[in-house]
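Asker: As you go down the protein sequences, you meet chains B and Y in turn.
Residues in the first sequence are numbered consecutively from 6, following this note's numbering.
Residues in the second sequence are numbered consecutively from 6, following this note's numbering.
Using N, Cα and C, we set each Cβ at its ideal position, and we do this for glycine too.
There are 2 protein chains.
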Amino acid sequence: MNLLILEAGDLIAPDRARVTGRRLVHAREILKAQGGSTLRAGLLDGAMGKARVLTLGEDALELELTFDEAPPAKLPLTLLLALPRPKALNRVLASASNMGVARIILLNAWKVEKAYWKSPRMEPGNLREQLILGLEQARDTVLPDLQVERLFKPFVEDRLPALLHGAEGLVADPSGVEACPRKLSGPTVLAVGPEGGWIPAELVSLRLAGLRSVHLGPRILRTETALAALIGRLG
Amino acid sequence: MNLLILEAGDLIAPDRARVTGRRLVHAREILKAQGGSTLRAGLLDGAMGKARVLTLGEDALELELTFDEAPPAKLPLTLLLALPRPKALNRVLASASNMGVARIILLNAWKVEKAYWKSPRMEPGNLREQLILGLEQARDTVLPDLQVERLFKPFVEDRLPALLHGAEGLVADPSGVEACPRKLSGPTVLAVGPEGGWIPAELVSLRLAGLRSVHLGPRILRTETALAALIGRLG
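1. For chain B, check one thing: does any of its Cβ atoms lie closer than 8 Å to the Cβ of Arg126 of chain Y?
2. Whose C-alpha, out of B:Gly51, B:Asn131 and B:Gly215, is nearest the C-alpha of Leu98 of chain B?
3. Leaving aside the five residues before and after Val117 of chain B along the sequence, list all residues of the same chain whose C-beta is less than 6 Å from its C-beta, in chain order.
4. For Met53 of chain B, write down the residues that DSSP places opposite it in a beta bridge.
5. Quick one, which of Y:Ala206, Y:Met127, Y:Leu80 and Y:His170 has its alpha-carbon nearest Gly237 of chain Y's?
6. Who are the near neighbours of Ala65 of chain Y in its chain, counting only those whose CB is closer than 8 Å to its CB and skipping five residues on each side?
7. In chain order, what residues of the same chain lie with their CB nearer than 8 Å to the CB of Leu235 of chain B, ignoring the 5 residues before and after it?
8. Can you say whether Ile35 of chain B is buried or exposed, counting buried as having 16 or more other CB atoms within 10 angstroms of its CB?
9. Going by other Cβ atoms of all chains shown within 10 Å of its Cβ, with 16 needed for buried, is Ala32 of chain Y buried or exposed?
10. Should the stretch 159-172 of chain Y be regarded as contacting the stretch 132-140 of chain Y, the criterion being three or more beta carbon pairs within less than 8 Å?
11. Residue ranges of each beta strand (DSSP E) run of no fewer than 3 residues wholly in the stretch 162-200 of chain B, ordered along the chain?
12. Report yes or no: is there a C-beta of chain Y within less than 8 Å of the C-beta of Met53 of chain B?
13. Give the residues of chain Y in contact with Leu235 of chain B, contact being defined as C-beta atoms less than 8 Å apart.
14. Taking the C-alpha atoms as reference points, what is the distance between Glu229 of chain B and Leu111 of chain Y?
15. Smallest Cα separation from Gln39 of chain Y: which of Y:Ala107, Y:Leu61, Y:His170 and Y:Arg27?
16. Straight-line CA distance for Arg4 of chain B to Leu9 of chain B?
17. Verify whether the separation of the beta carbon atoms of Pro179 of chain Y and Ile109 of chain Y is less than 8 Å.
18. Kindly list, in the order they appear in chain Y, the residues whose Cβ is closer than 8 Å to that of Pro77 of chain B.
19. Is Val30 of chain Y helix, strand or coil by DSSP?
20. Throw me the rounded Cβ distance for the Leu165 of chain Y and Ala214 of chain Y pair, which I believe falls under 8 Å.
21. In chain order, which beta strand (DSSP E) runs of at least 3 residues are fully inside the stretch 71-110 of chain Y?
22. Check the DSSP bridge columns for Asp150 of chain Y and list the partner residues they point to.
23. Looking only at its chain, what residues have a beta carbon closer than 8 Å to the beta carbon of Ala114 of chain Y, apart from the 5 residues adjacent to it on each side?
24. If you draw a straight line from the alpha carbon of Gln142 of chain B to that of Leu232 of chain Y, how long is it in whole angstroms?
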């Protein structure tokens with residue numbers, strides 16, 4: 006945790022906060038916070054800066070806040086991500102948030118197993134927590150937009166074309182002939198498929214909606230690795 | 006597993022192999038191998054191609070091999086990596102191998118906890134297995150060189166300068182003023198620090214040895230994410 010993220014409910018005055026639970030334990034045990042010490046902190050979806058420890062008890066940490074910095078800019082990137090397996094989901098979301106993706110859309114695909122949608126990890130509270138963990142790591146306060154699309158066809162046919170107005174559209178596809186571009190030229194939608202890839206009919210639909218196939222070379226990368234490599238290359 | 010990797014001990018004739026254990030289970034249950042079906046396979050550190058299933062029993066899978074493809078080229082990249090915490094080590098090694106890093110050097114640093122060196126995950130058999138998992142994912146057969154350096158100072162002062170003959174040297178450093186370059190210009194040594202970063206004295210030593218500080222923007226990334234983002238950008 007490189008940034009302690011406070012939520013509106015933590016504020017006990019405009020410049021005072023009271024923190025409990027996971028963040029209290031982390032501040033005490035990992036950041037070695039003590040009375041008088043200063044932590045980096047920020048307000049969720051707001052400014053960031055310093056938090057001076059006023060009191061540190063067993064149950065709560067009280068802080069005095071001086072928030073005068075803007076969070077870092079997001080990448081103008083919408084990630085269209087076939088729902089990863091539950092084991093990878095948390096890491097993938099935290100990683101996308103860590104890297105500054107502005108919007109994440111979790112989408113169904115033929116090779117996404119139905120059971121993935123029923124995983125406890127899909128509960129909104131967990132999804133939000135993973136995004137916040139990514140922000141804490143990055144020193145950012147702004148939650149990416151997260152959208153869940155359980156049906157591939159209506160999303161891709163009816164709503165994706167509108168997302169592509171004024172944006173570049175790319176789909177990561179090891180069979181693509183064009184190498185992934187090396188820098189975002191503006192707002193971009195990037196589609197990343199499931200393990201095993203998109204099926205040909207899905208690739209056709211994504212291309213018809215306006216996405217170009219791009220590849221990262223002959224290697225097949227794990228979803229998490231591919232995602233970070235693509236964003237590192239585009240960012 | 007996108008490629009079944011065979012080792013010399015699996016060969017029962019120049020074009021025949023017998024596979025047991027993890028790879029047998031995976032071939033049967035995940036790849037749905039059956040008599041007559043064909044799998045992608047390769048010989049560790051050798052050629053790759055197709056393997057036809059001759060017999061598939063409870064205890065063993067027998068294959069007929071037609072290996073006529075070269076493995077994909079490696080990136081001319083030496084990764085100088087502060088030893089990650091055991092929880093991350095397996096994923097980081099598999100990911101580096103997955104992405105085609107030619108050489109990995111695990112190095113000590115001030116913020117590497119001593120206990121990390123004593124983790125069971127540091128056993129040579131585990132290290133090798135993680136590298137092979139990355140190759141299986143990538144469809145590559147060539148193990149990266151792996152070197153373990155328990156002492157920072159003698160390595161960086163005495164041996165690193167020789168590694169940098171004819172190579173570019175970079176150290177990922179969020180405080181760097183230069184953005185990470187966008188493409189490898191030739192053989193490159195890339196140093197990636199521990200969680201919490203290199204300490205100033207280590208950065209001085211790395212710079213004296215010939216590495217340039219480069220950054221990936223204002224965000225602090227997790228080791229795994231930073232590594233994939235750096236390699237995606239450089240690759």
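Answerer: Reading off the structure:
1. When Cβ-Cβ separations below 8 Å define contact, Arg126 of chain Y makes no contact with chain B.
2. For Leu98 of chain B, the nearest C-alpha among the options comes from B:Asn131.
3. Cβ neighbours of Val117 of chain B within its own chain (closer than 6 Å, five residues either side excluded): Ala87, Leu88 and Pro199.
4. B:Gly47 and B:Glu74
5. Selected option, being the one with the closest Cα: Y:Leu80.
6. Arg23, Val24, Thr25 and Leu29
7. The beta carbon of Leu235 of chain B sits closer than 8 Å to those of Ala177, Cys185, Leu195, Val197 and Leu221, all from its chain and outside the five residues before and after it, given in chain order.
8. exposed
9. Answer is buried; the Cβ neighbour count reaches 16.
10. Taking a cut-off of 8 Å for Cβ pairs, the stretch 159-172 of chain Y and the stretch 132-140 of chain Y do not touch, as fewer than three such pairs fall below it.
11. 173-177 and 193-197
12. At a cut-off of 8 Å between C-beta atoms, Met53 of chain B does not count as an interface residue with respect to chain Y.
13. Gly237
14. 22 Å
15. If we check each option's Cα against that of Gln39 of chain Y, Y:Leu61 comes out closest.
16. What the structure shows of chain B is the stretch from 6 to 240, and residue 4 of chain B is not part of that stretch, so it cannot be assessed.
17. With contacts defined by Cβ atoms closer than 8 Å, Pro179 of chain Y and Ile109 of chain Y do not form a contacting pair.
18. Gly222, Pro223 and Arg224
19. helix
20. 4 Å
21. List check, beta strand (DSSP E) in window: 80-87.
22. Y:Arg108
23. So the qualifying residues of the chain are Ala87, Leu88, Phe157, Gly198, Pro199, Trp203, Ile204 and Glu207.
24. 15 Å
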